[in-house]
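A short write-up of the structure that comes next.
Residue numbers (the numbering used here), protein chains in the order written: chain A, 20 to 169; chain B, 20 to 169.
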């Protein structure tokens, strides 16, 4: 399994296996020795309705490992870390079962996501710490200049 | 959050929260201090088509924590551990978003499951060790006397 570092430091895109099984497939998620795994704090699902954009949110401490087992979700990562040579860059990834990758998102970058599937869209986030509002920053969608219509 | 131990030693049924969010809900999964959590080894999805029964399988070492974020899955647990006062008992649990519980399954019990939803059915298993065929035993569906039509 080869992982692809993005040009945003700490962001990793890892292709993953879907094992064909009679009666229903098995979809890999995350193993404790996979690239991007830094510990287990919590696993939770976020659903996003078709056409809905949830943006922007930044975790100050949490590393996220995200997979999309149902539907199709577009993720946009915005990097404004001053310490990073790629400051002010965006990266987009569209995840679905047809494009089955795991997205590792480091702390201190902004993320937004949009539901693209025709029905419901579900992402699983396996994070290294439990969710806490204390380490979350939020901006409204217009506070980061990104054209979601592209 | 109150958890309900079943009459099978080590099996726990924990009610879980679905947080209503505009544009798409958040479904809790597992936290590192939740009842039933014993460590992180791997997270993977199993899908099961409607009407399909996958049975029977026993993990000798793995503790499973299972949630059903999409569809509806019936689980049957069979206990044949000689050390257990409830040897030869069965327990059934039906999980879905309408009946949103986490099922903790200890090692050394047999499990089968059936897809009950009208579309696809998806379960997430967060296990304390990585999946390995070395610690898995299998029986065909008829080798344990259970009436799946009930």
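Here a beta-carbon is modelled for each residue, glycine too, at the ideal position from N, C-alpha and C.
Check, Outcome
"Would you tell me roughly how many angstroms separate the C-alpha atoms of residue 117 of chain A and residue 35 of chain A, rounded to the nearest one?", "11 Å"
"Just mark residue 63 of chain B as buried or exposed, buried being the case when its beta carbon has 16 or more other beta carbons within 10 Å.", "buried"
"Assuming the contact rule is C-beta atoms closer than 8 Å, residue 85 of chain B and residue 122 of chain B should be a hit. Round their C-beta distance to whole Å, please.", "5 Å"
"Identify whether residue 26 of chain B lies in helix, strand or coil by the three-state DSSP scheme.", "coil"
"Would a C-beta distance cut-off of 9 Å place residue 82 of chain A and residue 125 of chain A closer than the cut-off?", "yes"
"In angstroms, rounded to a whole number, what distance separates the CA positions of residue 127 of chain A and residue 147 of chain A?", "14 Å"
"Could you tell me the distance, in whole angstroms, from the CA atom of residue 119 of chain A to the CA atom of residue 52 of chain B?", "30 Å"
"Let's test the definition: count the other Cβ atoms within 10 Å of the Cβ of residue 160 of chain B and tell me whether it reaches 16, buried, or not, exposed.", "exposed"
"Would you say the region 38 to 48 of chain B touches the region 131 to 138 of chain B, given that touching needs at least three Cβ pairs under 8 Å?", "no"
"Please state if the CB of residue 93 of chain A and the CB of residue 111 of chain A are separated by a distance shorter than 9 Å.", "yes"
"Quick one: measure Cβ to Cβ for residue 149 of chain B and residue 61 of chain B, integer angstroms, because I've assumed they're closer than 8 Å.", "5 Å"
"Between the region 48 to 72 of chain A and chain B, which residues of the former have a C-beta closer than 7 Å to a C-beta of the latter?", "48, 49, 50, 51, 59, 60, 61, 62, 63, 64, 65, 66, 67, 68 and 71"
"Hey, quick one: how far does the beta strand (DSSP E) through residue 141 of chain B stretch, first residue to last?", "140 to 146"
"When we look at the beta-carbon of residue 65 of chain A and count the other beta-carbons within 10 Å, is it buried (16 or more) or exposed?", "buried"
"Do residue 55 of chain B and residue 49 of chain B count as a contact pair if the criterion is CB distance below 9 Å?", "yes"
"Please decide whether residue 31 of chain A counts as near chain B, where near means a Cβ-Cβ distance under 9 Å.", "no"
"What's the gap between the Cα of residue 152 of chain B and the Cα of residue 80 of chain B?", "11 Å"
"Taking the DSSP output, what are the residues bridged to residue 49 of chain B?", "A:62"
"Assuming residue 156 of chain A is part of the beta strand (DSSP E), what are its boundary residues?", "155 to 157"
"Which chain A residues sit within Cβ distance under 9 Å of residue 152 of chain B?", "Under the 9 Å cutoff, chain A gives no residues; its nearest Cβ is about 12 Å from residue 152 of chain B."
"Would you tell me roughly how many angstroms separate the C-alpha atoms of residue 142 of chain A and residue 37 of chain A, rounded to the nearest one?", "16 Å"
"Could you check whether the Cβ of residue 76 of chain B sits closer than 9 Å to any Cβ belonging to chain A?", "no"
"To the nearest angstrom, report how far apart residue 90 of chain B and residue 130 of chain B are at their CA atoms.", "19 Å"
"Residue 131 of chain A touches chain B at which residues, Cβ-Cβ below 7 Å?", "Those do not exist, as residue 131 of chain A stays about 12 Å from chain B at its closest Cβ, beyond 7 Å."
"What residues in its chain sit with their C-beta under 7 Å from that of residue 163 of chain B, if we drop five residues either side in the sequence?", "75, 97 and 129"
"Leaving out five residues before and five after residue 158 of chain B in sequence, what residues of the same chain have Cβ atoms less than 6 Å from its Cβ?", "75"
"Can you tell me where the beta strand (DSSP E) with residue 123 of chain B in it begins and where it stops?", "120 to 124"
"Considering only DSSP beta bridges, list what residue 115 of chain B is partnered with.", "B:91"
"Cα separation between residue 88 of chain A and residue 99 of chain B?", "34 Å"
"With burial defined as no fewer than 16 other Cβ atoms inside 10 Å of the residue's Cβ, what is the status of residue 144 of chain B: buried or exposed?", "buried"
"Please list, in chain order, the residues of the region 90 to 123 of chain A that have any C-beta partner in chain B closer than 8 Å.", "none"
"Quick check: what's the CA-CA separation for residue 154 of chain A versus residue 33 of chain A?", "26 Å"
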